[in-house]
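Asker: Numbering of the sequence shown is given in our numbering, commencing with residue 1 and proceeding in unit increments.
We put the beta carbon where it would ideally sit given N, CA and C, even for glycine.
Here the structure is a predicted model, which is why all the values come from computation and not from measurement.
Shown below is the structure under consideration.
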Amino acid sequence: MSDSVELHLGSERFSYPILTGTENERAVDIAKLRDETGLITLDLAYKNTGATKSAITFIDGDLGILRYRGYPIEQLAEHSTFMEVSYLLLYGELPSAVQLEQFNQSIIRRTLVHENIKKFLDAYPGGTHPMGVLMSTIASLSSFYPNSLIPNRSVEDVDRTIHRLIAKMATIAAWTYKKAIGHPYMYPNNKYDYVSNFLMMMFGHRTEEYVPDPVVVDALNKLLILHADHEQNCSTSTVRIVGSSHANIYASVAAGIGALWGPLHGGANQAVIEMLEAIKEDGGDAQKYIAKAKDKNDPFRLMGFGHRVYKNFDPRAKIIKVACDQVLNRLGINDPILDIAKQLEETALSDEYFVERKLYPNVDFYSGIIYRAIGIPTDMFTVMFALGRLPGWISQWKEMRESNEPIGRPRQLYIGHPEREYIPVGKRKG
Ligand code: CMC
1 MSDSVELHLG
11 SERFSYPILT
21 GTENERAVDI
31 AKLRDETGLI
41 TLDLAYKNTG
51 ATKSAITFID
61 GDLGILRYRG
71 YPIEQLAEHS
81 TFMEVSYLLL
91 YGELPSAVQL
101 EQFNQSIIRR
111 TLVHENIKKF
121 LDAYPGGTHP
131 MGVLMSTIAS
141 LSSFYPNSLI
151 PNRSVEDVDR
161 TIHRLIAKMA
171 TIAAWTYKKA
181 IGHPYMYPNN
191 KYDYVSNFLM
201 MMFGHRTEEY
211 VPDPVVVDAL
221 NKLLILHADH
231 EQNCSTSTVR
241 IVGSSHANIY
251 ASVAAGIGAL
261 WGPLHGGANQ
271 AVIEMLEAIK
281 EDGGDAQKYI
291 AKAKDKNDPF
301 RLMGFGHRVY
311 KNFDPRAKII
321 KVACDQVLNR
331 LGINDPILDI
341 AKQLEETALS
351 DEYFVERKLY
361 PNVDFYSGII
371 YRAIGIPTDM
381 FTVMFALGRL
391 PGWISQWKEM
401 RESNEPIGRP
411 RQLYIGHPER
421 EYIPVGKRKG
């Protein structure tokens, strides 16, 4: 196969090299295109544009493959923990037992947040969406750790900030929930592992010892692992582009949280449950909602269906569907919206519209049902996604800074007015 692409522009010929990735993915390197030809490429929503070279996560959307640092997601979800996967994403290799213990300890002893953070949380009005609270509180951590504002710090210093952010994110996420329900904040306790500590801060009470349910801890570890990275998605690209200006890591991750919030991205998990609830209220007729999703005059979309990259199946959804059945069984919960979800999936998968467009359930389709089963309220679902995606965002930020990527700055095709003369307000017509 050819190792370059030739562009014919009038009578001129330009050649651009083809680069091949580890998994034989191929890309045309157009770095010299504009200098040589004056042309830019136009690719709305970056559907065909590789923005970086990355060694973190591999996805094959046609084959339904997802691997972190080469390890299949199925194996990690089955055997690993969220902390171990976080280490893997951040440092590129699975940790030894000693390295994992040191990493766990380094995180767990940084979970306490400054007391003033409680004052911010208290100041938000009731009913505030927790994603807004999470986003602003994470950005504000830079005020408590001004060192983080220095762009070129030592590896140890950056590592400390990374561990601090992973640690405090769990505390802040749990506190947004405590704030929402008006309960006292639960302080982190170093005797718990990361996931149990989070659950304790969410569901514990000051008057009694919190004993984590191993079924719930296991389910949450799985969910967080499945969300931990997904290469250059909307929020991760946001984190990388904000970080490329050498903005501090808290600001970069806060921007990622903002991007994740939207219902076409992480916000879909909340939207799925709201949709399933609405279908249940409306009599549970899956067919009616499939018809609405297909109707081009109706803005309704089947939330939790479709993916920019996966065009066969989303491997995360496969694992979550099984986990969903297991968790509900083991907790003895019978959730009627699980039946509606399965009915919707079955109907959609045999419907020409969905088959033709290769629309399959994505990670968000069943995750909300598990979150609900373990007691997490609907508007906290996207916060859970953010908690899971955090090590991915940070790993991508770290990779981008370590490889000294230049500031991200796309071009555009201008389609506005040509030059025109300014007319003072009194002299304008109309
Ligand atoms: N329901 C009905 N039709 C759909 C859906 C859906 N959920 N998703 C895509 N389509 C149709 C779309 O109308 C279009 O049809 P046509 O070719 O006739 O115009 C075709 O399928 C291609 O869709 P697209 O919008 O061009 O695809 P995209 O790659 O730009 O969007 C997506 C991907 C995930 C934003 C979209 O599938 C969607 O809106 N899904 C629902 C929201 C959702 O579940 N998001 C979570 C994604 S997974 C978690 C994450 O990583 O964020």
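Quick check on DSSP: helix, strand or coil for Phe300?
Answerer: Mapped onto the sequence shown, residue 300 falls at position 300. Phe300: coil per DSSP, three-state reduction.
Asker: Does the region 220-232 touch the region 76-85, meaning 3 or more C-beta pairs lie closer than 8 Å?
Answerer: Counting Cβ pairs under 8 Å, three or more are found: they touch.
Asker: With distances taken from each beta carbon to the nearest heavy atom of the ligand CMC, which residues come in below 6 Å, in chain order?
Answerer: In chain order, the hits are His230, Asn233, Leu264, His265, Gly266, Ala268, Ala293, Arg301, Leu302, Met303, Gly304, Phe305, Gly306, His307, Arg308, Arg357, Leu359, Asn362, Val363 and Asp364.
Asker: Whole angstroms is fine: what's the gap from Gly262's alpha carbon to Gly10's?
Answerer: Translated into positions along the sequence shown, residue 262 becomes position 262. Translated into positions along the sequence shown, residue 10 becomes position 10. Answer to the nearest angstrom: the Cα atoms are 44 Å apart.
Asker: Compute the distance between the beta-carbons of Asp29 and Tyr46, then report whether it is under 9 Å.
Answerer: Sequence index remark: in the sequence shown, residue 29 carries index 29 (1-based). Sequence index remark: in the sequence shown, residue 46 carries index 46 (1-based). Not a contact, by the Cβ cut-off of 9 Å.
Asker: Quick check on the DSSP output: what are the complete alpha helix (DSSP H) runs of length 4 or more inside the region 219-290, in order along the chain?
Answerer: Counting whole runs of 4 or more residues, the region 219-290 contains the alpha helix (DSSP H) stretches 234-243, 249-261 and 268-281.
Asker: Which partner residues does Thr22 have in the DSSP bridge list?
Answerer: As a first step, residue 22 is located in the sequence shown; it is residue number 22 there, counting from the start. DSSP output for Thr22 lists no bridge partner at all.
Asker: Taking the Cβ atom as the reference point for each residue, do Tyr194 and Ile108 lie within a distance shorter than 9 Å?
Answerer: Residue numbering aside, residue 194 sits at position 194 when the sequence shown is read from its first letter. Residue numbering aside, residue 108 sits at position 108 when the sequence shown is read from its first letter. The answer is yes: Cβ separation under 9 Å.
Asker: Please state the DSSP three-state secondary structure of Ala31.
Answerer: Mapped onto the sequence shown, residue 31 falls at position 31. Of the three classes helix, strand and coil, the one that applies to Ala31 here is coil, per DSSP.
Asker: According to the neighbour-count rule (16 or more other Cβ atoms, all chains shown, within 10 Å of its Cβ), is Leu19 buried or exposed?
Answerer: Sequence index remark: in the sequence shown, residue 19 carries index 19 (1-based). With fewer than 16 other Cβ atoms within 10 Å, it is exposed.
Asker: Is the region 244-260 touching the region 271-283 in the sense that three or more CB pairs, one from each, lie closer than 8 Å?
Answerer: At 8 Å Cβ cutoff, the stretches do not touch.
Asker: Per DSSP, what kind of secondary structure is Phe313 in: helix, strand or coil?
Answerer: Your numbering for residue 313 matches position 313 in the sequence shown. In the structure shown, Phe313 sits in coil (DSSP, three-state: anything other than H, G, I, E or B).
Asker: Please say whether Leu141 and Leu112 have beta carbons closer to each other than 9 Å?
Answerer: Stepping through the sequence shown from its first residue, residue 112 is reached at position 112. Stepping through the sequence shown from its first residue, residue 141 is reached at position 141. For Leu112 and Leu141, no; Cβs fall outside 9 Å.
Asker: Rounding to the nearest angstrom, what Cα-Cα distance links Arg13 and Thr22 in this structure?
Answerer: As a first step, residue 13 must be located in the sequence shown, where it is residue number 13. As a first step, residue 22 must be located in the sequence shown, where it is residue number 22. C-alpha separation (whole angstroms): 29 Å.
Asker: Can you tell me where the alpha helix (DSSP H) holding Arg160 begins and where it ends?
Answerer: Walking along the sequence shown from the start, residue 160 turns up at place 160. Residues Val155 to Ile181.
Asker: For the alpha helix (DSSP H) containing Leu149, name the first residue and the last one.
Answerer: Position 149 of the sequence shown holds residue 149. Where Leu149 is concerned, there is no enclosing alpha helix (DSSP H), given that its DSSP letter is neither H nor E.
Asker: Sort Gly38, Tyr187, Pro214 and Glu209 by Cα distance to Met201 and report the nearest one.
Answerer: In the sequence shown, the residue the question calls residue 201 occupies position 201. Closest by alpha carbon: Tyr187.
Asker: In angstroms, rounded to a whole number, what distance separates the CA positions of Ser196 and Ala268?
Answerer: The residue you call residue 196 lines up with position 196 of the sequence shown. The residue you call residue 268 lines up with position 268 of the sequence shown. Cα to Cα, Ser196 sits roughly 25 Å from Ala268.
Asker: Between Phe305 and Tyr360, which are expected to be in contact by the criterion C-beta below 8 Å, what is the C-beta distance as a whole number of angstroms?
Answerer: Taking the sequence shown and counting its residues from 1, one reaches residue 305 at position 305. Taking the sequence shown and counting its residues from 1, one reaches residue 360 at position 360. That pair is a contact at about 7 Å.
Asker: Opposite Glu6 in the DSSP bridges: which residues?
Answerer: Mapped onto the sequence shown, residue 6 falls at position 6. BP columns for Glu6 point to Ser15.
Asker: How big is the Cα-Cα spacing for Ala323 and Asp60?
Answerer: On the sequence shown, position 323 is the one that residue 323 refers to. On the sequence shown, position 60 is the one that residue 60 refers to. Their backbone Cα atoms lie some 23 Å apart in a straight line.
Asker: Within the same chain, show all residues whose beta-carbon is closer than 6 Å to that of Lys358, passing over the 5 residues directly before and after it, in chain order.
Answerer: Your numbering for residue 358 matches position 358 in the sequence shown. Same-chain partners within the cutoff: Lys311.
Asker: So what's Glu78 in DSSP terms, helix, strand or just coil?
Answerer: Translated into the one-based positions of the sequence shown, residue 78 becomes position 78. Glu78: helix per DSSP, three-state reduction.
Asker: Output the boundary residues of the beta strand (DSSP E) element that contains Thr347.
Answerer: Walking along the sequence shown from the start, residue 347 turns up at place 347. Segment Pro336 to Leu349 is the alpha helix (DSSP H) holding Thr347; no beta strand (DSSP E) there.
Asker: Pick helix, strand or coil for Leu66, following the three-state DSSP scheme.
Answerer: In the sequence shown, the residue the question calls residue 66 occupies position 66. Looking at Leu66 - three-state DSSP - the assignment turns out to be strand.
Asker: Check whether the Cβ atoms of Gln382 and Leu260 lie closer than 9 Å to each other.
Answerer: For the purposes of this step, residue 382 is taken as the residue at position 382 of the sequence shown. For the purposes of this step, residue 260 is taken as the residue at position 260 of the sequence shown. Per the sequence shown, the amino acid found at residue 382 is Thr instead of Gln. Yes, the Cβ-Cβ distance between Thr382 and Leu260 is below 9 Å.
Asker: Run through the DSSP bridge pairs and tell me what Ile59 is partnered with.
Answerer: On the sequence shown, residue 59 is found 59 positions in, with the first residue counted as 1. DSSP lists Leu66 as partners of Ile59.
Asker: To the nearest angstrom, how far is the alpha carbon of Thr236 from that of Pro424?
Answerer: Here residue 236 refers to the residue found at position 236 when the sequence shown is read from its first residue. Here residue 424 refers to the residue found at position 424 when the sequence shown is read from its first residue. Near 45 Å, if we compare the C-alpha coordinates of Pro424 and Thr236.
Asker: How about Leu302 and Leu344: are their beta carbons less than 9 Å apart?
Answerer: As a first step, residue 302 must be located in the sequence shown, where it is residue number 302. As a first step, residue 344 must be located in the sequence shown, where it is residue number 344. Yes, Cβ-Cβ distance for Leu302 and Leu344 is below 9 Å.
Asker: On the premise that Gly408 lies in contact with Ile241, defined as a C-beta separation below 8 Å, what is that separation, rounded to the nearest angstrom?
Answerer: Walking along the sequence shown from the start, residue 241 turns up at place 241. Walking along the sequence shown from the start, residue 408 turns up at place 408. Rounded, the Cβ-Cβ distance is 4 Å, consistent with contact.
Asker: For Val215 and Leu7, what's the separation of their Cα atoms in angstroms?
Answerer: Residue 215 sits at position 215 when you count from the first residue of the sequence shown. Residue 7 sits at position 7 when you count from the first residue of the sequence shown. Spanning the two alpha carbons is a distance of roughly 58 Å.
Asker: Just the C-alpha distance for Gly284 and Thr378, rounded to the nearest angstrom, thanks.
Answerer: Numbered from 1 along the sequence shown, position 284 holds the residue referred to as residue 284. Numbered from 1 along the sequence shown, position 378 holds the residue referred to as residue 378. The alpha-carbon atoms of Gly284 and Thr378 are separated by roughly 20 Å.
Asker: Go ahead and pull the three-state DSSP assignment for Glu84.
Answerer: Sequence index remark: in the sequence shown, residue 84 carries index 84 (1-based). It is helical.
Asker: Go ahead and pull the three-state DSSP assignment for Pro125.
Answerer: Here residue 125 is taken as the residue at index 125 of the sequence shown, counted from 1. It is coil, neither helix nor strand.
Asker: What residues are listed by DSSP as bridge partners for Phe305?
Answerer: Residue mapping note: residue 305 aligns to position 305 of the sequence shown, counting from 1. Phe305 is bridged to Pro361.
Asker: Starting from His205, follow its DSSP beta bridges and name the residues at the other end.
Answerer: Taking the first residue of the sequence shown as position 1, residue 205 is located at position 205. Paired residue(s): Glu208.
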